[in-house]
Each structure stands twice: as C-alpha cells, then as structure tokens.
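In my numbering, the protein residues as written are 3 to 274.
Glycine included, C-beta positions come from ideal geometry on N, C-alpha and C.
These notes are about the structure you will find just below.
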Amino acid sequence: MAASDFQQIRDLAYRSFGLDLKPGKEELVSARLQKLVRSGGFQSYQAYCRHVLHDRSGESLMALIDALATNHTSFLREADHFDFLRRRVAPVLARRAGVEVWSAACSTGEEIWTLAFVLRDALPTSRIQLLGTDISRKALASARRATYEAARVQVLPKPWLTSYLDADGNPPLSYTVKASIRAQAVFQRLNLIEPLPWNKQFPVIFCRNVMIYFDRATQQRVIASLAANLEPGGYLFVGHAESFSGIDHRLEYVQPAIYRRPVGRKGGLWNE
3 MAASDFQQIR DLAYRSFGLD LKPGKEELVS ARLQKLVRSG GFQSYQAYCR HVLHDRSGES
63 LMALIDALAT NHTSFLREAD HFDFLRRRVA PVLARRAGVE VWSAACSTGE EIWTLAFVLR
123 DALPTSRIQL LGTDISRKAL ASARRATYEA ARVQVLPKPW LTSYLDADGN PPLSYTVKAS
183 IRAQAVFQRL NLIEPLPWNK QFPVIFCRNV MIYFDRATQQ RVIASLAANL EPGGYLFVGH
243 AESFSGIDHR LEYVQPAIYR RPVGRKGGLW NE
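See the structure below:
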C-alpha cells in the first residue's frame, strides 16, 4: 500500500467514524481491505476510496467500517468492573423497579451478556433492560445471535452456564444466551462521534477499549457525550488501557477505569 493510499484511507476513517489510524498500520489496513478491493473489482485503493465516497447508500462505508473495526472481546473481560458493579452499584439499583444499562461499544456481545448475567444475579426481582450499541453491523449481528463457541464461555461460573445459556451438542460445541435474557437487550448501530439519537440518562455506561482508537480531540467529544448521558451519580466504566489525562471530563475518579458523574444536591437514590 502506497503512502498516499494509506493517507486517503486514514483521512476517510477519521472523518467518518473518528478512527485514528497511526502511521505504521499500513500493512494491517491493506490486509483488512484487500478482500473489499478485489471483490469490488477495483484496480487501486484510490478507485476504491472514490467509490466509498460516492456511494450514497452508505453501504460501502459500512463495509469499510466492518473491515477496519477491531472486535476483540471476551466474557468477564476486566472482571474487576463486574465485581464493582455487583458490590457497589447493584445494591443502590436494587431500590428501583427497573434498571437500564448501556454497553456503548458492545462488539460481538460478550460484554453486554456478562452485564446481563451479573445484573440477573444481583437484581433478581428488578426489570432489567440493556442497550447495546456498536459501529460495526457485523459485530452487532453476532451480538444479537448470542451464540458462542464452548471454549469462549468456559471462563463463566458453572451456574451461569446452566441458568443463562443453552448448550448445543453433547458435549456442547457452542452455547446460546437464553431467549428470556436476549429479550432484555436491544441493539442499535451507533457512531459515537455523532450526536446521540436519544435524550435519556443511564445509571451505568460501559464504554471500554474503544477510545484508545481515537485521538485526544475525539476522546474529548466522546467523553463529554457519555457524561451527558449519565444520570447524576451514575458510573462510567472504561478500559484499563484508556487514560483521561489531559481531558476536561468533569467526572469524579472512583478507581482505575471507573468514573462517576457528581451526584449534586438532588441525587435521589444515590444520596441515600
């Protein structure tokens, strides 16, 4: 891939969805886009980029996003977050009849289903709703299917395997999240650098391991948007590799990778 081709794709990715492709990623980008370029019959990356820019349907841009997006995730990833949710946050949420939690970059679903399992355990009588968003349609399709190879779910506690998932095969080759739990989740494609299509606040937002792909200016905008969608007293969980250093976020630091919106004078249940 020529330097000019990489720069054109880099500019397109940044303008479209905030992805900051650092120099040195040329080989990775080339490998991920080769299939799209070849299957489309394009003679060059320049021709491919022109096609993406002029495709008014947006389908080509969505395919580009799916190709470039990194969807590495796992069940119980950064497990201390879920322990904090169970110990510190769930007892307050238990006072509510209903709880809605947002997984802002849910990828292929392991995070949002882990949230579902933790909340079902901690809040057995509460009405739980989960919102999962991601920029990748391919990842969202996997999250909706909620079927995972047996090896991927072995990190989960054994009671969860029987209570919250259905096994396929004997011995199981894969597991699918039970229909009753899948019914609690809604999935939606979302570009975090664009204005959010709703006006509501959540007590808990998980947005982990996505801001590491943004530059500082984009991080500033995304964090401000997430903070505005936290209810006063609500918690924001980010990835342990993500730093808010140098960003004016106006959130309270709780512990590594956990922040909280200040409660204020009218904190409701959070003040009790």
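Query	Result
Which listed residue (Asn172, Gln190 and Phe19) has its alpha carbon closest to that of Ala143	Gln190
Stretch-stretch touch, CB-based, cutoff 8 Å, three pairs: the segment 163-180 with the segment 71-80	no
Sub-8 Å separation of Gln186 and Gln131 beta-carbons	yes
Host beta strand (DSSP E) of Gln45 (start-end)	Here Gln45 belongs to no beta strand (DSSP E), and DSSP marks it neither H nor E.
Classification of Thr135 by the beta-carbon crowding that lies within 10 angstroms, buried from 16 upward	buried
7 Å Cβ shell around Leu21 - same chain, five flanking residues per side excluded	Ala15, Leu70 and Tyr215
Cβ pair Leu95, Pro205 closer than 8 Å	yes
Pro197 to Val224 span [Cα, whole Å]	10 Å
Extent of the continuous beta strand (DSSP E) run through Ile214	Counting along the chain, Ile214 falls outside any beta strand (DSSP E), and DSSP gives it neither H nor E.
Where Ala257 falls: helix, strand or coil (DSSP)	The identity of residue 257 in the sequence shown is Gln, whereas the question assumes Ala. In this structure, Gln257 counts as strand in the three-state DSSP scheme.
Three-way DSSP call (helix, strand, coil) for Leu2 in this model	This structure does not reach residue 2, given that the chain is present from 3 up to 274, and the question cannot be answered.
contact_flag[the segment 154-168, the segment 82-89] where n(CB pairs < 8 Å) is 3 or more	no
Beta-carbon proximity check, Pro258 vs His242, cutoff 8 Å	yes
Sequence-distant residues of the same chain with beta carbon closer than 7 Å to Ile114, five excluded per side	Ser105, Cys108, Leu132, Gly134, Ala145 and Ala187
Arg98 versus Tyr261: straight-line alpha-carbon distance, rounded	22 Å
Contact check, Thr220 vs Ile195, beta carbons under 8 Å	yes
Bridge-paired residues (DSSP) for Gln238	The question names Gln, yet the displayed sequence has Leu at residue 238. DSSP lists Ile207 and Tyr261 as partners of Leu238.
Exposed unless 16 or more other CB atoms sit within 10 angstroms - verdict on His56	exposed
Residue from Ser62, Leu192 and Thr178 with nearest C-alpha to Cys209	Leu192
Within 8 Å, strictly: CB atoms of Leu78 and Val157	yes
Rounded separation between Asp123 and Leu117 - CA only	10 Å
Rounded distance between the beta-carbons of Val39 and Tyr47, thought under 8 Å	7 Å
Neighbourhood of Ser138 by C-beta distance below 7 Å, restricted to the same chain and skipping five residues each side	Ile67, Asp68, Ala71 and Asn73
Paired residues, beta bridge with Gly134 - DSSP	Ser105 and Phe189
Contacting residues, own chain, Cβ-Cβ under 7 Å from Ser182 (five flanking each side not counted)	none
Sub-8 Å separation of Met213 and Glu244 beta-carbons	yes
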